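Below is one structure, written out as structure tokens; comments come after it.
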Amino acid sequence: MSKSLDRLTLLQTFVRIVDAGSISAAARDLGLSQPSVSRQLAELESRFQAQLIQRTTHSLSLTAAGSELLADGRRLLDDWEALEEKHIETGETLRGGLKVVVPVALGQLHLMDAALQFQQQYPLVSFSWQLEDGNIRFSEVGCDCWIKIGPVLDHSLHVEPLGEVERMVVATPKAIAQLPPIETPQALAELPFIALDPFEGRKIPLKNSLGKIISITPPIRMSTNSIFALHRAALAGLGLAVMPHWLVKTELESGQLIDVLPEWRAPKLAVHLAYLPGRHQPRRLRSFLEVVRAAVSGIL
Numbered sequence: 132m133s134k135s136l137d138r139l140t141l142l143q144t145f146v147r148i149v150d151a152g153s154i155s156a157a158a159r160d161l162g163l164s165q166p167s168v169s170r171q172l173a174e175l176e177s178r179f180q181a182q183l184i185q186r187t188t189h190s191l192s193l194t195a196a197g198s199e200l201l202a203d204g205r206r207l208l209d210d211w212e213a214l215e216e217k218h219i220e221t222g223e224t225l226r227g228g229l230k231v232v233v234p235v236a237l238g239q240l241h242l243m244d245a246a247l248q249f250q251q252q253y254p255l256v257s258f259s260w261q262l263e264d265g266n267i268r269f270s271e272v273g274c275d276c277w278i279k280i281g282p283v284l285d286h287s288l289h290v291e292p293l294g295e296v297e298r299m300v301v302a303t304p305k306a307i308a309q310l311p312p313i314e315t316p317q318a319l320a321e322l323p324f325i326a327l328d329p330f331e332g333r334k335i336p337l338k339n340s341l342g343k344i345i346s347i348t349p350p351i352r353m354s355t356n357s358i359f360a361l362h363r364a365a366l367a368g369l370g371l372a373v374m375p376h377w378l379v380k381t382e383l384e385s386g387q388l389i390d391v392l393p394e395w396r397a398p399k400l401a402v403h404l405a406y407l408p409g410r411h412q413p414r415r416l417r418s419f420l421e422v423v424r425a426a427v428s429g430i431l
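Residues 132 to 431 in the working numbering are what the sequence shown spells out, letter by letter.
Put into structure tokens, the structure is as follows:
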């Protein structure tokens with residue numbers, strides 16, 4: 132094995148340790164023993180004459196030198212992969228891994244369907260499919276792309292808007308039948324709601340087609356950070372809820388849920404696609420980004 136390949140292998144091992152979160156997890160991913168991975172990390176630290184990772188019994192964290200090397204190492208590995216793709220891959224064959232971070236609900240439903248179809252079309256592509264509604268540290272997570280509902284605060288990324296999620300107040304017919312007539316947003320102010328963190332708090336703004344905004348502060352009977360729990364609680368008649376149209380479309384059509392105020396909507400949430408700018412994009416990533424764009428546009 133040449134020295135240049137030795138160095139590349141050490142970098143790959145270092146990046147895998149960071150992505151996996153521990154030396155033992157990286158060893159499992161690489162099919163190596165834990166002592167072997169530890170020795171590779173020690174050799175890399177010796178070559179750079181710096182501690183790259185602070186290790187404790189239960190966790191590890193990057194040092195300043197480790198964070199800098201991680202960013203540079205990812206770029207170097209990307210460049211190497213570009214060379215392999217240019218000189219080895221031929222025809223329509225796509226191969227390699229894709230690490231994707233997606234919103235929980237979209238990632239379990241529609242986007243998962245798109246990813247499975249993509250993988251079936253290109254069986255040599257493997258996915259790391261991570262569900263996360265909150266913010267991430269893109270460089271530390273080491274993902275290829277991130278689909279996010281809401282703003283992306285990492286200004287080092289190229290951020291592409293994919294569309295907006297329409298949201299409405301819904302409830303079951305039985306729950307509505309037990310309530311006074313609801314004709315204006317003010318009528319909702321005293322009614323029990325189920326709230327989704329972090330998008331809804333005690334104050335819920337509603338907007339009509341003329342641009343008028345009315346904010347209500349109804350009693351919150353239940354709050355949750357799971358949109359699936361919110362969905363189930365709404366179907367159980369626990370209260371009113373602000374839900375994305377794409378998630379309740381079937382129930383609205385069947386009559387299981389009612390659009391309580393058809394002329395009023397909660398603020399739309401933007402869906403963004405984020406990835407590193409100026410980075411070599413393998414063909415598998417470029418192809419998958421096209422799938423994501425089509426899948427999201429077909430949902431919203």
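The C-beta atom is built at its ideal place from N, Cα and C for all residues, glycine as well.
Remember, predicted model here, so these are calculated numbers, not experimental data.
In three-state terms, what does DSSP make of V391? coil
Extent of the continuous beta strand (DSSP E) to which S346 belongs: I344 to I347
Quick one: grab the DSSP three-state call for W260. strand
Are A157 and R170 touching if we call contact CB-CB under 7 Å? no
Euclidean distance between Cα positions of R226 and A405: 22 Å
Would you report the Cα separation of L392 and R186, rounded to the nearest angstrom? 55 Å
Roughly how many whole angstroms lie between the Cα atoms of G368 and V300? 13 Å
Among P408, V427 and Q251, nearest to E297 - alpha-carbon criterion: V427
Between which two residues does the beta strand (DSSP E) containing V300 stretch? H289 to A302
Nearest neighbour of G281, chosen from D264, G273, R268 and D275 [CA to CA]: D264
Can you list, in chain order, the stretches of the beta strand (DSSP E) that have 3 or more residues and sit fully within the region 148-194? 184-186 and 191-193
How long is the line joining the alpha carbons of G162 and A246, rounded to whole angstroms? 26 Å
Given S385 as reference, the closest of V423, V232 and L366 once Cα atoms are compared: L366
Answer yes if the region 412-428 comes into contact with the region 244-263, meaning at least three C-beta pairs across the two stretches below 8 Å, and no otherwise. yes
State the beta-bridge partners of M353 as determined by DSSP. I325
Between P234, Q412 and K334, which has its C-alpha nearest S357's C-alpha? P234
From what residue to what residue does the beta strand (DSSP E) around A372 run? L371 to P375
Assumed close pair L337, P316 - CB separation to whole angstroms, cut-off 8 Å: 5 Å
Using CA atoms only, rank isn't needed, just tell me which of S155, A308, K343 and D160 is closest to P166. S155
Beta-carbon proximity of N339 to E394, cut-off 7 Å: yes
Delimiting residues of the beta strand (DSSP E) encompassing G227: G227 to V233
Residues of its chain near P380, where Cβ-Cβ distance is below 6 Å and the 5 sequence neighbours each way are ignored: The question names Pro, but residue 380 in the sequence shown is Lys. None.
Quick check on S198: does DSSP put it in helix, strand or coil? helix
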